[in-house]
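Visitor: Below is a structure I'd like to ask you about.
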Amino acid sequence: MLSIDETIQLIRIGEPPVSTNPSVPAPTSVCSTALADAPWVFDTQEPGYGPGASMHDTLPAGSPQQGFLPQEYRQASKSELDGRIRNAKAALGEGLVILGHFYQRDEVIQYADFVGDSFQLANAARTRPKAKFIVFCGVHFMAETADMLSRSDQAVVLPNLAAGCSMADMADLDSVTDCWNELEEVFGSAPDASGRQPIVPVTYMNSSAALKGFCGQHGGIVCTSSNATEVLQWALAHGQRALFFPDQHLGRNTGKAIGIPLEQMPLWDPSKRLGGSDAQTLKDSRVILWHGFCSVHKRFTVGQIQAARLRFPDVRVIVHPECPMPVVDAADASGSTDYITKAIAAAPAGSTFAIGTEINLVQRLANQNPQHKIFCLDSVVCPCSTMYRIHPSYMAWVLEALTHGQVLNRITVSEEVAIPARIALERMLSLKPTLQGEDSVMSA
Ligand code: 13P
Ligand code: SF4
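Next comes the structure, spelled out in structure tokens:
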């Protein structure tokens with residue numbers, strides 16, 4: 001029952017981890033040996049995403065950087081940290097809620113009061129009225145959303161400020177505004193005869209609060225991977241076309257699933273005039289896709305799916321919709337992290353699953369469901385390096401500070417940004433069926 005952290009440490013010392021399921025080989029390699037280092041090693045280096053999947057993506061200037069983690073938390077043993085975190089939690093009682101995203105390491109998830117996908121965590125933040133402090137074990141854009149949806153007297157704390165998202169950083173307010181202005185030159189800004197705007201902006205939850213605000217100001221909406229279909233349909237009912245950012249893959253997979261031909265989904269490259277398209281292509285488009293991607297989900301390939309099917313003819317392949325379109329097409333189903341979790345829970349005992357999403361979740365699902373064979377499509381251990389920046393040492397540090405009345409690493413979004421961003425978020429939250437927590441599945 002090894003966690004990913006333990007698996008990485010074993011691989012580091014050359015001791016192959018033992019598989020929880022004898023018919024599924026344990027992973028034997030990691031995408032970066034630096035993953036075995038403590039996350040604070042990277043706090044003092046050049047700004048970057050750290051080891052692993054997103055290490056080659058550029059960290060934008062001005063991104064929040066974690067400062068110096070006090071020595072006592074770096075040196076504390078696992079059991080000492082455990083005692084200190086549990087004591088702080090007990091002292092803070094109902095005044096504290098710890099939220100954990102599915103991709104967090106098990107060593108963090110064990111302390112979470114609520115574990116979920118980004119949509120569920122956005123809802124969880126606003127339904128914990130007694131909590132004065134929301135300690136968000138996830139990444140920066142999620143903590144920003146929690147801040148905007150919670151009361152102003154509730155403080156959202158991100159234990160390590162370096163926990164960003166490389167995909168979210170691929171779209172910034174300036175380049176999206178430039179894109180918008182260029183599109184207005186092509187389409188104008190007047191609605192058509194049926195009242196539809198020329199273009200409706202749709203931002204994936206994995207984006208800055210500023211971009212959510214942009215959507216709120218321009219008649220747009222936010223989506224998550226669990227409601228992208230409903231959101232895109234909403235956008236196309238209100239507009240002649242949608243501008244979808246930052247994840248091209250989620251946008252393309254969702255557009256394709258609702259029947260939009262690929263030639264009507266041009267890619268927008270912000271470094272080129274008209275995004276690298278021509279005016280006619282843009283006029284004929286239904287969904288304009290920003291060029292962003294997730295480095296973790298980009299690793300999954302059709303070849304991995306073919307190999308899994310060869311090895312286990314009865315395997316069910318489920319991937320996250322951030323995977324490239326050929327991978328989603330070759331899978332049996334795709335859906336959010338919550339969808340994947342529920343699909344596994346509902347399957348008859350003895351099922352075999354190959355999963356294309358972040359390895360911490362896949363390993364946890366394998367550990368929690370010994371009645372099934374569950375393995376990651378990618379045999380190389382490669383966690384989301386930014387999610388991996390949250391560690392029990394940072395948790396102990398921020399939690400103990402809270403017991404002394406000191407709020408460290410508070411994430412606050414200015415009201416100037418939050419007011420329009422809430423409009424776009426509330427549009428999403430009011431869409432059915434996602435309010436009941438149902439998921440959309442792209443292929444089956
Ligand atoms: P979910 O919306 O499925 O939680 O995914 C969030 C994320 O960051 C996926 O990479
Ligand atoms: Fe961002 Fe990808 Fe990590 Fe999700 S898995 S937080 S999209 S880098």
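The sequence shown begins at 1 in the numbering used here and counts up by one.
Glycine included, every Cβ here is placed at the ideal spot set by N, Cα and C.
1. Given that a residue counts as buried once 16 or more other Cβ atoms are within 10 Å of its Cβ, and exposed if not, what is K272?
2. When you measure from the CB of N206 to every non-hydrogen atom of the ligand SF4, does any distance come out below 6 Å?
3. Could you compute how far the alpha carbon of T7 sits from the alpha carbon of P17?
4. Less than 6 Å between the CB of E358 and some heavy atom of the ligand SF4, yes or no?
5. Answer yes or no: the CB of S118 versus the heavy atoms of the ligand 13P, is any distance below 6 Å?
6. If I follow the unbroken alpha helix (DSSP H) through V24, where does it start and stop?
7. What does the alpha-carbon distance come out to for the pair L59 and C165?
8. Let me make sure I understand the geometry here. Which of I359, G67, H372 and I355 has the alpha-carbon closest to that of P348?
9. Specify whether the stretch 416–430 and the stretch 203–211 touch according to this definition: at least 3 beta carbon pairs, one from each stretch, less than 8 Å apart.
10. To the nearest whole angstrom, what separates the beta carbons of L236 and A242, a pair I think is in contact under 8 Å?
11. DSSP three-state call for Y103: helix, strand or coil?
12. On the three-state DSSP scale, how would you describe S32?
13. On the DSSP bridge assignment, give the partners of C137 in chain order.
14. Taking the beta strand (DSSP E) that A242 falls in, what are its first and last residues?
15. With V97 and F119 assumed to form a contact (beta carbons below 8 Å), what rounded beta-carbon distance in angstroms separates them?
16. May I have the straight-line CA-CA distance separating M148 from T177, to the nearest angstrom?
17. Leaving aside the five residues before and after G138 along the sequence, list all residues of the same chain whose C-beta is less than 6 Å from its C-beta, in chain order.
18. For the beta strand (DSSP E) containing F375, name the first residue and the last one.
19. Let me make sure I understand the geometry here. Which of A193, M395 and R389 has the alpha-carbon closest to that of D82?
Guide: If we stick to the structure as given:
1. Burial call: exposed.
2. N206 Cβ: within cutoff of the ligand SF4.
3. Cα to Cα, the separation comes out at about 6 Å.
4. E358 has its CB nearer than 6 Å to a heavy atom of the ligand SF4.
5. S118 Cβ: within cutoff of the ligand 13P.
6. Note, V24: premise wrong, no alpha helix (DSSP H); not H, not E.
7. Rounded to the nearest angstrom, the gap between the Cα atoms of L59 and C165 is 9 Å.
8. Checking every option, the nearest Cα to that of P348 belongs to H372.
9. The stretch 416–430, when compared against the stretch 203–211, does touch it at the 8 Å Cβ threshold.
10. Rounded to whole angstroms, the Cβ separation of L236 and A242 is 6 Å, and the two are in contact under 8 Å.
11. DSSP, reduced to helix, strand and coil, places Y103 outside both helices and strands of the structure shown, so it counts as coil.
12. In the structure shown, S32 sits in coil (DSSP, three-state: anything other than H, G, I, E or B).
13. BP columns for C137 point to G100.
14. First-last of the beta strand (DSSP E) with A242: A242 to F245.
15. Not a contact, Cβ separation roughly 17 Å.
16. Just so you know, the alpha carbons of M148 and T177 end up roughly 22 Å apart.
17. Hits under 6 Å: H101.
18. F375 -> beta strand (DSSP E) spans K373 to C376.
19. Among A193, M395 and R389, the Cα nearest to that of D82 is on M395.
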